[in-house]
């Protein structure tokens, strides 16, 4: 690649720094780890792989990277694109062929969004394959904006407060999922993907429409950010500073047993200072 401009260099450094901070803050990668990098062919997963390759070079620990793409047999899927790219950057990889496309088309009525079922099938297959190859971590390309959107989706449509954690252990305990781009915003990732010229594979090969609820939330958040720049960063920061005693979940805080502290020191009221 040609010499980077000043702004391009700043963009690359910012993404590398934020990725390193997220990996460090959550202890995502440890010495000797085998990290399975889930590569979809989109801007996020390409950028994640690029960042992890850099960390692999400069980190004070040793870890292995292996890329895995799941070919779900959508019509028109360009099978040659990812192998050619991965060969060019020297990353070992597996192409996992699973015809989930047929299952989705069979189960989902015509005109309905297929994204939810498609995602569950893909995730289940990837979890199993990570176990088969002895991967100690599974890296997914979700970024800060994905996490915030998921938080509001769950609040508005699910009635609960949860998002995508930067690090997660699967329910059966056999997989640890990491999201190295958790601190990176989507606009930076999109700019970086264009700068690097990643061979993007569009996620519309199955003819599915974008999840309408997520689009509504995304548009809302982008509107907030345009009106008040920095709002999304504040929202994400709030996810890292949760105070259960200021919410209403009796499973997280003992509101039922809350009483005055009989041992607390007496409060002296100084009327003159009122």
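In my numbering, the protein residues as written are 1428 to 1701. For every residue, glycine included, the Cβ atom is placed at its ideal position computed from N, Cα and C.
Annotation for residue 1613: 1570, 1572 place their beta carbon closer than 7 Å to its own, counting only its chain and skipping 5 residues before and after. When secondary structure is reduced to three states using DSSP, residue 1567 falls in the coil class, being assigned neither helix nor strand. In this structure, DSSP gives residue 1478 a helical state, which the three-state scheme calls helix. Counting the other Cβ atoms within 10 Å of the Cβ of residue 1682 gives fewer than 16, which makes it exposed.
Between residue 1625 and residue 1470, the C-beta gap is smaller than 8 Å, which places the two residues in contact. Residue state for residue 1494 is assigned as strand, using DSSP reduced to three classes. Counted as a single uninterrupted DSSP element, the beta strand (DSSP E) harbouring residue 1595 occupies residues 1594 to 1596. Within the same chain, Cβ atoms closer than 7 Å to the Cβ of residue 1645 are found at 1576, the five residues on either side in sequence being excluded. With contacts defined by Cβ atoms closer than 8 Å, residue 1455 and residue 1605 form a contacting pair. Assigned with DSSP and collapsed to three states, residue 1473 falls in helix.
Taken through DSSP and simplified to helix, strand or coil, residue 1516 comes out as helix. Taking the C-beta atoms as reference points, residue 1492 is found nearer than 8 Å to residue 1464. Note on geometry: alpha-carbon atoms of residue 1602 and residue 1592 lie some 14 Å from one another. Here residue 1556 is near residue 1495, since their CB atoms are less than 8 Å apart. Of the candidates 1445, 1480, 1438, 1525, the residue whose Cα lies closest to the Cα of residue 1546 is 1525.
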